[in-house]
Amino acid sequence: MRARRWWTAAILLTLLGGGNAYALTLDEALAIAKSRALALEDPRINRVGVQGQIAEAWSAALPQLAGEIGYQRAFKASKIFFPNPETGDYMALKMQQDNTVQADLTLNQPLLTFGRIAAGLRGAYAAQRATAHQAANTDRAVELETLRRFWSVLLAHDVVQARQLSLSISDSSLARATRMRDVGLLSDYDVLRVNVQSMNQRPPLREAENQRQLAELALKEWLGVSLDTAFRCEGDFDDFTLQIDSTGGAERILARDDLEALRDLNEMQRSIYVIYRNARWPTLGGQVKYSWTWQNDQWGIQPRNNLSAVYGGLGLSIPIWTGGYYRGRAQQQKAEWLRADLNVRKAERGARLQYESALRSYGAALESEAAARTTVDAATQARTIAETKFAQGQLTPLEMDAALLDELVARVALANAKFGRLMATAEARMAAGHAPFTR
26 MRARRWWTAA
36 ILLTLLGGGN
46 AYALTLDEAL
56 AIAKSRALAL
66 EDPRINRVGV
76 QGQIAEAWSA
86 ALPQLAGEIG
96 YQRAFKASKI
106 FFPNPETGDY
116 MALKMQQDNT
126 VQADLTLNQP
136 LLTFGRIAAG
146 LRGAYAAQRA
156 TAHQAANTDR
166 AVELETLRRF
176 WSVLLAHDVV
186 QARQLSLSIS
196 DSSLARATRM
206 RDVGLLSDYD
216 VLRVNVQSMN
226 QRPPLREAEN
236 QRQLAELALK
246 EWLGVSLDTA
256 FRCEGDFDDF
266 TLQIDSTGGA
276 ERILARDDLE
286 ALRDLNEMQR
296 SIYVIYRNAR
306 WPTLGGQVKY
316 SWTWQNDQWG
326 IQPRNNLSAV
336 YGGLGLSIPI
346 WTGGYYRGRA
356 QQQKAEWLRA
366 DLNVRKAERG
376 ARLQYESALR
386 SYGAALESEA
396 AARTTVDAAT
406 QARTIAETKF
416 AQGQLTPLEM
426 DAALLDELVA
436 RVALANAKFG
446 RLMATAEARM
456 AAGHAPFTR
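Using the working numbering, the first residue of the sequence shown is number 26, and each one after it goes up by one.
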(Lines of atoms letter the chains of each structure in order from A; the text may use other names.)
(Lines give C-alpha, C1' and ligand atoms only; values in the text may rest on other atoms or scores of the structure.)
Protein backbone atom coordinates (compact mmCIF):
# COMPACT_ATOMS: atom_id res chain seq x y z
CA MET A 26 0.00 0.00 0.00
CA ARG A 27 2.82 2.40 0.83
CA ALA A 28 4.55 1.63 -2.48
CA ARG A 29 1.28 2.34 -4.27
CA ARG A 30 0.98 5.74 -2.59
CA TRP A 31 4.53 6.65 -3.63
CA TRP A 32 3.72 5.56 -7.18
CA THR A 33 0.59 7.72 -7.21
CA ALA A 34 2.51 10.70 -5.81
CA ALA A 35 5.17 10.32 -8.50
CA ILE A 36 2.51 10.30 -11.22
CA LEU A 37 0.89 13.44 -9.80
CA LEU A 38 4.21 15.25 -9.64
CA THR A 39 4.83 14.38 -13.27
CA LEU A 40 1.35 15.52 -14.29
CA LEU A 41 1.52 18.79 -12.41
CA GLY A 42 5.13 19.48 -13.32
CA GLY A 43 4.23 20.98 -16.68
CA GLY A 44 6.15 20.46 -19.87
CA ASN A 45 5.11 18.05 -22.56
CA ALA A 46 1.86 16.12 -22.30
CA TYR A 47 2.21 13.12 -20.02
CA ALA A 48 1.13 9.71 -21.37
CA LEU A 49 -1.42 8.61 -18.78
CA THR A 50 -2.25 4.90 -18.70
CA LEU A 51 -5.48 3.43 -17.39
CA ASP A 52 -3.72 1.82 -14.40
CA GLU A 53 -2.27 5.18 -13.43
CA ALA A 54 -5.65 6.87 -13.79
CA LEU A 55 -7.22 4.25 -11.52
CA ALA A 56 -4.49 4.71 -8.91
CA ILE A 57 -4.93 8.50 -8.88
CA ALA A 58 -8.72 8.27 -8.75
CA LYS A 59 -8.66 5.89 -5.78
CA SER A 60 -6.39 8.22 -3.86
CA ARG A 61 -8.04 11.56 -4.71
CA ALA A 62 -11.65 10.94 -5.74
CA LEU A 63 -14.05 12.89 -3.51
CA ALA A 64 -16.54 10.03 -3.67
CA LEU A 65 -14.25 8.03 -1.37
CA GLU A 66 -14.32 10.69 1.35
CA ASP A 67 -17.79 9.70 2.57
CA PRO A 68 -16.74 6.14 3.55
CA ARG A 69 -13.66 7.52 5.29
CA ILE A 70 -15.76 9.97 7.28
CA ASN A 71 -18.31 7.27 8.09
CA ARG A 72 -15.51 5.04 9.36
CA VAL A 73 -14.56 7.70 11.91
CA GLY A 74 -18.16 7.94 13.10
CA VAL A 75 -18.50 4.16 13.40
CA GLN A 76 -15.39 3.97 15.57
CA GLY A 77 -17.09 6.45 17.86
CA GLN A 78 -20.24 4.29 17.94
CA ILE A 79 -18.21 1.25 18.95
CA ALA A 80 -16.46 3.21 21.71
CA GLU A 81 -19.83 4.49 22.93
CA ALA A 82 -21.30 0.98 22.95
CA TRP A 83 -18.37 -0.40 24.95
CA SER A 84 -18.62 2.47 27.42
CA ALA A 85 -22.01 1.17 28.52
CA ALA A 86 -20.46 -2.20 29.43
CA LEU A 87 -17.23 -0.99 31.06
CA PRO A 88 -16.92 0.50 34.54
CA GLN A 89 -17.53 4.22 34.89
CA LEU A 90 -15.22 6.16 37.21
CA ALA A 91 -16.29 9.64 38.27
CA GLY A 92 -14.63 12.09 40.62
CA GLU A 93 -15.97 15.14 42.42
CA ILE A 94 -14.26 17.72 44.57
CA GLY A 95 -15.71 20.74 46.32
CA TYR A 96 -14.57 23.59 48.51
CA GLN A 97 -16.70 25.54 50.96
CA ARG A 98 -15.94 28.51 53.21
CA ALA A 99 -18.18 29.59 56.02
CA PHE A 100 -18.30 33.39 56.16
CA LYS A 101 -20.57 33.24 59.17
CA ALA A 102 -20.02 30.67 61.88
CA SER A 103 -22.77 28.08 62.27
CA LYS A 104 -24.35 27.58 65.70
CA ILE A 105 -25.71 24.67 67.70
CA PHE A 106 -28.34 25.39 70.34
CA PHE A 107 -28.38 23.45 73.60
CA PRO A 108 -31.18 23.69 76.19
CA ASN A 109 -30.25 24.98 79.65
CA PRO A 110 -31.88 22.63 82.16
CA GLU A 111 -31.73 25.23 84.89
CA THR A 112 -33.30 28.19 83.11
CA GLY A 113 -35.12 26.41 80.27
CA ASP A 114 -33.51 28.74 77.73
CA TYR A 115 -31.31 27.75 74.79
CA MET A 116 -27.69 28.66 74.61
CA ALA A 117 -25.83 28.97 71.30
CA LEU A 118 -22.49 27.28 70.60
CA LYS A 119 -20.46 28.45 67.60
CA MET A 120 -18.91 25.73 65.41
CA GLN A 121 -16.07 27.88 64.00
CA GLN A 122 -15.79 25.88 60.73
CA ASP A 123 -14.11 28.25 58.29
CA ASN A 124 -12.98 25.97 55.37
CA THR A 125 -14.15 22.55 54.18
CA VAL A 126 -12.81 20.42 51.28
CA GLN A 127 -14.62 17.24 50.22
CA ALA A 128 -13.62 14.80 47.44
CA ASP A 129 -15.57 11.75 46.22
CA LEU A 130 -14.47 8.99 43.85
CA THR A 131 -17.26 6.73 42.57
CA LEU A 132 -16.98 3.53 40.50
CA ASN A 133 -20.17 2.31 38.78
CA GLN A 134 -20.42 -1.04 37.01
CA PRO A 135 -23.56 -2.15 35.13
CA LEU A 136 -24.35 -5.75 36.04
CA LEU A 137 -27.68 -6.54 34.40
CA THR A 138 -29.33 -4.51 31.63
CA PHE A 139 -31.56 -7.18 30.02
CA GLY A 140 -29.62 -7.30 26.74
CA ARG A 141 -29.33 -3.58 26.10
CA ILE A 142 -25.52 -3.51 26.28
CA ALA A 143 -25.19 -6.58 24.06
CA ALA A 144 -27.63 -5.09 21.55
CA GLY A 145 -25.64 -1.87 21.48
CA LEU A 146 -22.43 -3.74 20.76
CA ARG A 147 -24.07 -5.82 18.03
CA GLY A 148 -25.47 -2.70 16.41
CA ALA A 149 -22.13 -0.86 16.56
CA TYR A 150 -20.19 -3.72 14.97
CA ALA A 151 -22.93 -4.17 12.36
CA ALA A 152 -22.50 -0.50 11.48
CA GLN A 153 -18.75 -1.08 11.19
CA ARG A 154 -19.28 -3.97 8.77
CA ALA A 155 -21.79 -1.91 6.79
CA THR A 156 -19.25 0.91 6.48
CA ALA A 157 -16.59 -1.51 5.24
CA HIS A 158 -18.97 -2.93 2.60
CA GLN A 159 -20.02 0.58 1.56
CA ALA A 160 -16.37 1.58 1.18
CA ALA A 161 -15.68 -1.46 -1.02
CA ASN A 162 -18.75 -0.75 -3.14
CA THR A 163 -17.81 2.92 -3.48
CA ASP A 164 -14.29 1.91 -4.48
CA ARG A 165 -15.72 -0.18 -7.32
CA ALA A 166 -18.05 2.62 -8.35
CA VAL A 167 -15.06 4.99 -8.52
CA GLU A 168 -13.25 2.44 -10.64
CA LEU A 169 -16.23 2.11 -13.00
CA GLU A 170 -16.55 5.88 -13.39
CA THR A 171 -12.81 6.18 -14.04
CA LEU A 172 -13.11 3.57 -16.78
CA ARG A 173 -16.01 5.46 -18.32
CA ARG A 174 -14.20 8.80 -18.38
CA PHE A 175 -10.86 7.39 -19.52
CA TRP A 176 -12.41 5.41 -22.35
CA SER A 177 -14.56 8.41 -23.30
CA VAL A 178 -11.34 10.37 -23.89
CA LEU A 179 -10.00 7.56 -26.08
CA LEU A 180 -13.27 7.45 -28.02
CA ALA A 181 -13.30 11.22 -28.51
CA HIS A 182 -9.69 11.07 -29.70
CA ASP A 183 -10.52 8.39 -32.28
CA VAL A 184 -13.50 10.40 -33.52
CA VAL A 185 -11.38 13.53 -33.89
CA GLN A 186 -8.77 11.63 -35.85
CA ALA A 187 -11.44 10.19 -38.14
CA ARG A 188 -12.99 13.64 -38.66
CA GLN A 189 -9.60 15.18 -39.37
CA LEU A 190 -8.82 12.49 -41.94
CA SER A 191 -12.26 12.97 -43.46
CA LEU A 192 -11.65 16.71 -43.83
CA SER A 193 -8.21 16.05 -45.26
CA ILE A 194 -9.69 13.74 -47.87
CA SER A 195 -12.35 16.32 -48.77
CA ASP A 196 -9.79 19.13 -49.03
CA SER A 197 -7.55 16.94 -51.19
CA SER A 198 -10.51 16.08 -53.38
CA LEU A 199 -11.39 19.76 -53.73
CA ALA A 200 -7.84 20.65 -54.80
CA ARG A 201 -7.79 17.81 -57.32
CA ALA A 202 -11.21 18.76 -58.68
CA THR A 203 -10.08 22.36 -59.08
CA ARG A 204 -7.04 21.33 -61.08
CA MET A 205 -9.18 19.04 -63.27
CA ARG A 206 -11.60 21.91 -63.90
CA ASP A 207 -8.72 24.16 -64.92
CA VAL A 208 -7.75 21.67 -67.66
CA GLY A 209 -11.34 21.18 -68.74
CA LEU A 210 -11.92 17.71 -67.27
CA LEU A 211 -14.61 18.81 -64.76
CA SER A 212 -17.31 21.44 -64.77
CA ASP A 213 -17.87 24.22 -62.24
CA TYR A 214 -20.87 22.26 -60.95
CA ASP A 215 -18.67 19.26 -60.14
CA VAL A 216 -16.21 21.47 -58.28
CA LEU A 217 -19.07 23.07 -56.36
CA ARG A 218 -20.32 19.65 -55.26
CA VAL A 219 -16.85 18.71 -53.98
CA ASN A 220 -16.57 22.07 -52.18
CA VAL A 221 -19.93 21.51 -50.45
CA GLN A 222 -18.77 18.09 -49.38
CA SER A 223 -15.57 19.60 -47.93
CA MET A 224 -17.47 22.33 -46.06
CA ASN A 225 -19.82 19.71 -44.60
CA GLN A 226 -16.86 18.02 -42.87
CA ARG A 227 -15.88 21.06 -40.80
CA PRO A 228 -18.81 21.30 -38.33
CA PRO A 229 -18.52 17.61 -37.30
CA LEU A 230 -14.78 18.11 -36.74
CA ARG A 231 -15.36 21.15 -34.52
CA GLU A 232 -17.99 19.23 -32.57
CA ALA A 233 -15.66 16.24 -32.17
CA GLU A 234 -12.84 18.48 -30.92
CA ASN A 235 -15.20 20.11 -28.43
CA GLN A 236 -16.37 16.71 -27.18
CA ARG A 237 -12.76 15.61 -26.74
CA GLN A 238 -11.98 18.71 -24.67
CA LEU A 239 -15.06 18.14 -22.52
CA ALA A 240 -14.11 14.48 -22.00
CA GLU A 241 -10.59 15.47 -20.95
CA LEU A 242 -11.92 18.11 -18.54
CA ALA A 243 -14.30 15.57 -17.02
CA LEU A 244 -11.42 13.13 -16.47
CA LYS A 245 -9.20 15.83 -14.93
CA GLU A 246 -11.97 16.88 -12.56
CA TRP A 247 -12.56 13.28 -11.54
CA LEU A 248 -8.86 12.68 -10.89
CA GLY A 249 -8.61 15.86 -8.86
CA VAL A 250 -5.82 17.45 -10.91
CA SER A 251 -5.64 20.98 -12.27
CA LEU A 252 -7.81 21.56 -15.32
CA ASP A 253 -4.86 23.00 -17.24
CA THR A 254 -2.77 19.86 -16.69
CA ALA A 255 -1.37 18.51 -19.96
CA PHE A 256 -1.69 14.76 -20.52
CA ARG A 257 -2.91 12.33 -23.11
CA CYS A 258 -4.61 9.01 -22.46
CA GLU A 259 -2.43 6.12 -23.53
CA GLY A 260 -3.88 3.01 -25.10
CA ASP A 261 -6.29 1.63 -27.63
CA PHE A 262 -9.64 -0.09 -27.19
CA ASP A 263 -8.13 -3.35 -28.41
CA ASP A 264 -5.62 -3.22 -25.52
CA PHE A 265 -8.35 -3.82 -22.95
CA THR A 266 -9.85 -7.29 -22.70
CA LEU A 267 -12.51 -7.94 -20.09
CA GLN A 268 -14.32 -11.18 -19.37
CA ILE A 269 -17.51 -11.80 -17.41
CA ASP A 270 -16.95 -14.30 -14.61
CA SER A 271 -20.17 -16.17 -13.88
CA THR A 272 -18.63 -18.30 -11.10
CA GLY A 273 -20.91 -18.54 -8.11
CA GLY A 274 -24.09 -17.57 -9.92
CA ALA A 275 -26.91 -16.23 -7.77
CA GLU A 276 -24.91 -16.69 -4.56
CA ARG A 277 -22.25 -14.32 -5.80
CA ILE A 278 -24.83 -11.73 -6.81
CA LEU A 279 -26.50 -11.80 -3.40
CA ALA A 280 -23.11 -11.43 -1.70
CA ARG A 281 -22.40 -8.07 -3.33
CA ASP A 282 -21.00 -5.40 -1.06
CA ASP A 283 -23.98 -3.07 -1.48
CA LEU A 284 -26.37 -5.84 -0.40
CA GLU A 285 -24.16 -6.85 2.53
CA ALA A 286 -24.08 -3.23 3.65
CA LEU A 287 -27.89 -3.11 3.67
CA ARG A 288 -28.05 -6.36 5.67
CA ASP A 289 -25.64 -4.97 8.25
CA LEU A 290 -27.66 -1.76 8.49
CA ASN A 291 -30.73 -3.91 9.00
CA GLU A 292 -28.97 -5.66 11.90
CA MET A 293 -28.03 -2.29 13.35
CA GLN A 294 -31.64 -1.07 13.23
CA ARG A 295 -32.83 -4.28 14.88
CA SER A 296 -30.30 -3.80 17.69
CA ILE A 297 -31.49 -0.23 18.28
CA TYR A 298 -35.05 -1.53 18.48
CA VAL A 299 -33.98 -4.11 21.09
CA ILE A 300 -32.37 -1.36 23.18
CA TYR A 301 -35.58 0.67 23.37
CA ARG A 302 -37.78 -2.39 23.72
CA ASN A 303 -35.85 -3.54 26.80
CA ALA A 304 -35.55 -0.04 28.26
CA ARG A 305 -38.67 -0.66 30.36
CA TRP A 306 -36.91 -3.40 32.35
CA PRO A 307 -34.92 -2.68 35.55
CA THR A 308 -31.19 -2.08 35.52
CA LEU A 309 -28.90 -3.57 38.16
CA GLY A 310 -25.61 -1.90 38.89
CA GLY A 311 -22.82 -2.07 41.45
CA GLN A 312 -21.13 0.93 43.07
CA VAL A 313 -17.99 1.53 45.07
CA LYS A 314 -17.44 4.99 46.53
CA TYR A 315 -14.52 6.57 48.36
CA SER A 316 -15.10 9.86 50.22
CA TRP A 317 -12.53 12.17 51.80
CA THR A 318 -13.20 15.34 53.82
CA TRP A 319 -10.92 17.96 55.35
CA GLN A 320 -11.95 20.95 57.43
CA ASN A 321 -10.15 23.44 59.68
CA ASP A 322 -12.45 22.87 62.64
CA GLN A 323 -11.21 24.78 65.64
CA TRP A 324 -13.90 23.35 67.86
CA GLY A 325 -12.44 21.05 70.45
CA ILE A 326 -15.09 18.33 70.26
CA GLN A 327 -13.71 16.90 67.01
CA PRO A 328 -10.04 17.78 66.62
CA ARG A 329 -9.48 15.35 63.70
CA ASN A 330 -10.14 17.30 60.54
CA ASN A 331 -9.07 14.66 57.97
CA LEU A 332 -11.83 12.08 57.40
CA SER A 333 -12.24 9.29 54.80
CA ALA A 334 -14.71 6.48 54.15
CA VAL A 335 -15.33 3.70 51.60
CA TYR A 336 -18.82 2.51 50.61
CA GLY A 337 -20.03 -0.34 48.43
CA GLY A 338 -23.43 -1.53 47.34
CA LEU A 339 -25.91 -2.49 44.64
CA GLY A 340 -28.55 -0.37 43.00
CA LEU A 341 -31.67 -1.46 41.11
CA SER A 342 -33.19 1.18 38.85
CA ILE A 343 -36.83 0.40 38.06
CA PRO A 344 -38.73 2.53 35.52
CA ILE A 345 -42.28 2.59 36.83
CA TRP A 346 -44.07 5.18 34.71
CA THR A 347 -42.60 7.15 31.82
CA GLY A 348 -45.78 8.22 30.07
CA GLY A 349 -45.23 5.78 27.20
CA TYR A 350 -41.87 7.27 26.18
CA TYR A 351 -39.94 4.03 25.81
CA ARG A 352 -42.88 2.23 24.22
CA GLY A 353 -43.23 5.02 21.66
CA ARG A 354 -39.51 5.04 20.86
CA ALA A 355 -39.52 1.25 20.56
CA GLN A 356 -42.36 1.42 18.04
CA GLN A 357 -40.50 4.05 16.00
CA GLN A 358 -37.32 1.98 15.95
CA LYS A 359 -39.27 -1.14 15.04
CA ALA A 360 -40.66 0.71 12.03
CA GLU A 361 -37.09 1.69 11.04
CA TRP A 362 -36.01 -1.92 11.41
CA LEU A 363 -38.89 -3.18 9.27
CA ARG A 364 -38.12 -0.52 6.65
CA ALA A 365 -34.47 -1.57 6.59
CA ASP A 366 -35.53 -5.21 6.14
CA LEU A 367 -37.82 -4.16 3.27
CA ASN A 368 -34.93 -2.29 1.65
CA VAL A 369 -32.85 -5.47 1.76
CA ARG A 370 -35.54 -7.50 0.01
CA LYS A 371 -36.05 -4.81 -2.63
CA ALA A 372 -32.31 -4.57 -3.24
CA GLU A 373 -31.99 -8.35 -3.62
CA ARG A 374 -34.67 -8.39 -6.28
CA GLY A 375 -33.15 -5.35 -7.95
CA ALA A 376 -29.70 -6.99 -7.97
CA ARG A 377 -31.04 -9.99 -9.90
CA LEU A 378 -32.78 -7.70 -12.38
CA GLN A 379 -29.67 -5.53 -12.72
CA TYR A 380 -27.50 -8.57 -13.44
CA GLU A 381 -29.89 -9.99 -16.04
CA SER A 382 -30.21 -6.56 -17.67
CA ALA A 383 -26.44 -6.14 -17.69
CA LEU A 384 -26.00 -9.53 -19.36
CA ARG A 385 -28.50 -8.62 -22.06
CA SER A 386 -26.82 -5.25 -22.58
CA TYR A 387 -23.50 -7.06 -22.85
CA GLY A 388 -24.94 -9.42 -25.46
CA ALA A 389 -26.38 -6.51 -27.42
CA ALA A 390 -23.02 -4.71 -27.25
CA LEU A 391 -21.25 -7.79 -28.63
CA GLU A 392 -23.73 -7.96 -31.50
CA SER A 393 -23.31 -4.25 -32.21
CA GLU A 394 -19.55 -4.59 -32.26
CA ALA A 395 -19.72 -7.61 -34.57
CA ALA A 396 -22.04 -5.72 -36.91
CA ALA A 397 -19.74 -2.68 -36.84
CA ARG A 398 -16.75 -4.88 -37.69
CA THR A 399 -18.68 -6.38 -40.60
CA THR A 400 -19.53 -2.87 -41.80
CA VAL A 401 -15.88 -1.83 -41.58
CA ASP A 402 -14.80 -4.90 -43.54
CA ALA A 403 -17.41 -4.17 -46.22
CA ALA A 404 -16.47 -0.49 -46.36
CA THR A 405 -12.77 -1.40 -46.61
CA GLN A 406 -13.51 -3.80 -49.44
CA ALA A 407 -15.64 -1.18 -51.19
CA ARG A 408 -12.87 1.38 -50.84
CA THR A 409 -10.34 -1.11 -52.32
CA ILE A 410 -12.60 -1.73 -55.31
CA ALA A 411 -13.17 1.99 -55.71
CA GLU A 412 -9.42 2.62 -55.77
CA THR A 413 -9.02 0.05 -58.55
CA LYS A 414 -11.85 1.53 -60.59
CA PHE A 415 -10.60 5.06 -59.96
CA ALA A 416 -7.19 4.07 -61.26
CA GLN A 417 -8.90 2.70 -64.38
CA GLY A 418 -10.86 5.91 -64.86
CA GLN A 419 -14.23 4.31 -64.12
CA LEU A 420 -14.99 6.49 -61.01
CA THR A 421 -15.01 10.23 -60.50
CA PRO A 422 -12.96 11.78 -57.67
CA LEU A 423 -16.18 12.55 -55.83
CA GLU A 424 -17.19 8.89 -55.91
CA MET A 425 -13.74 7.83 -54.78
CA ASP A 426 -13.82 10.22 -51.85
CA ALA A 427 -17.31 9.04 -50.94
CA ALA A 428 -15.97 5.49 -50.61
CA LEU A 429 -13.17 6.72 -48.33
CA LEU A 430 -15.59 8.71 -46.20
CA ASP A 431 -17.90 5.70 -45.86
CA GLU A 432 -15.00 3.69 -44.46
CA LEU A 433 -14.16 6.45 -41.96
CA VAL A 434 -17.77 6.64 -40.78
CA ALA A 435 -17.79 2.87 -40.34
CA ARG A 436 -14.61 3.03 -38.26
CA VAL A 437 -16.11 5.72 -36.02
CA ALA A 438 -19.14 3.48 -35.51
CA LEU A 439 -16.78 0.60 -34.65
CA ALA A 440 -15.00 2.75 -32.05
CA ASN A 441 -18.36 3.58 -30.45
CA ALA A 442 -19.27 -0.12 -30.48
CA LYS A 443 -15.98 -1.04 -28.77
CA PHE A 444 -16.58 1.61 -26.12
CA GLY A 445 -20.11 0.27 -25.58
CA ARG A 446 -18.85 -3.30 -25.30
CA LEU A 447 -16.16 -2.41 -22.75
CA MET A 448 -18.60 -0.43 -20.59
CA ALA A 449 -21.25 -3.16 -20.83
CA THR A 450 -18.66 -5.74 -19.73
CA ALA A 451 -17.50 -3.61 -16.80
CA GLU A 452 -21.09 -2.97 -15.66
CA ALA A 453 -21.95 -6.67 -15.97
CA ARG A 454 -18.90 -7.58 -13.88
CA MET A 455 -19.93 -5.09 -11.21
CA ALA A 456 -23.52 -6.36 -11.25
CA ALA A 457 -22.12 -9.86 -10.64
CA GLY A 458 -20.20 -8.67 -7.60
CA HIS A 459 -16.75 -8.48 -9.20
CA ALA A 460 -14.38 -5.59 -9.75
CA PRO A 461 -15.35 -3.81 -12.99
CA PHE A 462 -11.80 -3.95 -14.35
CA THR A 463 -8.97 -6.43 -14.03
CA ARG A 464 -5.85 -7.16 -15.96
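Positions of the beta carbon are idealized from the N, C-alpha and C atoms, including for glycine.
Quick one: Cα of residue 389 to Cα of residue 442, how far?
Here the alpha carbon of residue 389 sits roughly 10 Å from the alpha carbon of residue 442.
Helix, strand or coil: how does DSSP classify residue 407 here?
In the three-state reduction of the DSSP assignment, residue 407 falls in the helix class, which pools H, G and I.
Can you tell which of 333, 235, 424 has the C-alpha that lies nearest to the C-alpha of residue 412?
Closest by C-alpha distance to residue 412, out of 333, 235, 424, is 424.
Compute the Euclidean distance between the alpha carbons of residue 77 and residue 57, then round it to the nearest angstrom.
Rounded to the nearest angstrom, the two C-alpha atoms are 29 Å apart.
Tell me the DSSP secondary structure of residue 307 in three-state form.
Note: residue 307 maps to coil in three-state DSSP.
Is residue 135 near residue 308, with beta carbons less than 8 Å apart?
Cβ distance < 8 Å, so residue 135 and residue 308 count as in contact.
Using the three-state DSSP reduction, which class does residue 343 fall into: helix, strand or coil?
In the three-state reduction of the DSSP assignment, residue 343 falls in the coil class.
The stretch 208-223 in contact with the stretch 257-273 per 3-pair CB rule at 8 Å:
When C-beta atoms of the stretch 208-223 are compared with those of the stretch 257-273, fewer than three pairs fall below 8 Å, so the two segments do not count as touching.
Which residues mark the beginning and the end of the alpha helix (DSSP H) in which residue 194 is found?
Residues 141-207.
For the 8 Å Cβ check, are there 3 or more pairs between the stretch 231-244 and the stretch 170-190?
Contact between the stretch 231-244 and the stretch 170-190 is present, because at least three Cβ pairs lie under 8 Å.
Can a CB atom of chain C be found closer than 8 Å to the CB of residue 389?
Looking at the structure shown, chain C is missing, and only one protein chain is on hand.
Residues near residue 458 in its chain [Cβ-Cβ closer than 8 Å; skip 5 each side]:
Answer for residue 458: 273, 277, 278, 280, 281, 282, listed in chain order.
Look up residue 87 in the DSSP assignment and say whether it is helix, strand or coil.
In the displayed model, residue 87 falls within coil according to three-state DSSP, outside both helix and strand.
Taking residue 290 as the reference, give the member of 75, 421, 131 with the closest Cα.
Ranking 75, 421, 131 by CA distance to the CA of residue 290 puts 75 first.
Identify, in the order they occur along the chain, each residue of the same chain with its Cβ nearer than 8 Å to the Cβ of residue 340, setting aside the five sequence neighbours on each side.
Residues of the same chain with a CB within less than 8 Å of the CB of residue 340, apart from the 5 flanking positions on each side, are 309, 310, 311, 312 in chain order.
I'd like to know whether the C-beta atoms of residue 145 and residue 296 end up nearer to each other than 8 Å.
Their beta carbons are under 8 Å apart, which means residue 145 touches residue 296 by this criterion.
Suppose contacts are defined by Cβ-Cβ distances below 8 Å. Is residue 249 in contact with residue 61 by that definition?
Taking 8 Å as the cut-off, the Cβ atoms of residue 249 and residue 61 count as close.
In this structure, how does DSSP classify residue 103 when only helix, strand and coil are distinguished?
Three-state DSSP puts residue 103 in coil, outside helix and strand.
Could you give the distance in angstroms between the alpha-carbon of residue 262 and the alpha-carbon of residue 409?
Those two C-alpha atoms are separated by around 25 Å.
Hey, would you say residue 112 sits closer than 8 Å to residue 314, going by beta carbons?
No. Outside cutoff.
Only counting runs of 3 or more residues, tell me where the beta strand (DSSP E) segments fall wholly within the stretch 244-309, in order along the chain.
Look at the stretch 244-309 and you find these whole runs of beta strand (DSSP E), each 3 residues long or longer: 256-258.
Please return the same chain residues whose Cβ sits closer than 6 Å to the Cβ of residue 219, not counting the five positions on each side in sequence.
Closer than 6 Å at Cβ, skipping near neighbours: 198, 199, 202, 423.
For residue 65, the first and last residue of its enclosing alpha helix (DSSP H)
DSSP places residue 65 outside any alpha helix (DSSP H), giving it a letter other than H or E.
Is it right to say residue 335 is buried, meaning 16 or more other beta carbons lie within 10 angstroms of its own, or is it exposed?
It is exposed - the Cβ of residue 335 has fewer than 16 other Cβ atoms within 10 Å.
Thinking C-alpha only, which one of 124, 355, 293, 177 is nearest residue 320?
The alpha carbon of residue 320 has as its nearest neighbour, out of 124, 355, 293, 177, the alpha carbon of 124.
Separation of residue 433 from residue 469, as counted between CA atoms:
No answer is possible for residue 469: the residues shown for the chain start at 26 and end at 464.
Between 194, 152, 242, which has its C-alpha nearest residue 81's C-alpha?
When only C-alpha atoms are compared, the closest one is 152.
State the beta-bridge partners of residue 48 as determined by DSSP.
Looking at the DSSP output, residue 48 bridges to 257.
Could you give the first and the last residue of the continuous alpha helix (DSSP H) run that contains residue 109?
That residue, residue 109, is in no alpha helix (DSSP H); it is neither H nor E in DSSP.
Excluding the five sequence neighbours on either side, which residues of its own chain have a C-beta within less than 8 Å of the C-beta of residue 325, listed in chain order?
Only weak support is given to the placement of residue 325: the predicted model assigns it a pLDDT of 48, under 50, and the question is left unresolved by the model.
Where residue 417 falls, given that 16 or more other Cβ within 10 Å makes a residue buried:
Counting Cβ neighbours within 10 Å, residue 417 comes out exposed, since fewer than 16 surround it.
Which residues share a DSSP beta bridge with residue 126?
In the DSSP output, where bridge partners are listed per residue, residue 126 has 96, 319.
Option nearest residue 103 by Cα separation, candidates 117, 109, 110, 95:
Selected option, being the one with the closest Cα: 117.
Consult DSSP for residue 325 and reduce its assignment to one of helix, strand or coil.
The pLDDT assigned to residue 325 is 48, lower than 50, so where the model puts this residue is not dependable, and the model offers no usable value.
Measuring only the C-alpha atoms, how far is residue 214 from residue 206?
The C-alpha of residue 214 lies about 10 Å from the C-alpha of residue 206.
Contact under 8 Å by Cβ, residue 168 with residue 462:
Closer than 8 Å, so yes.
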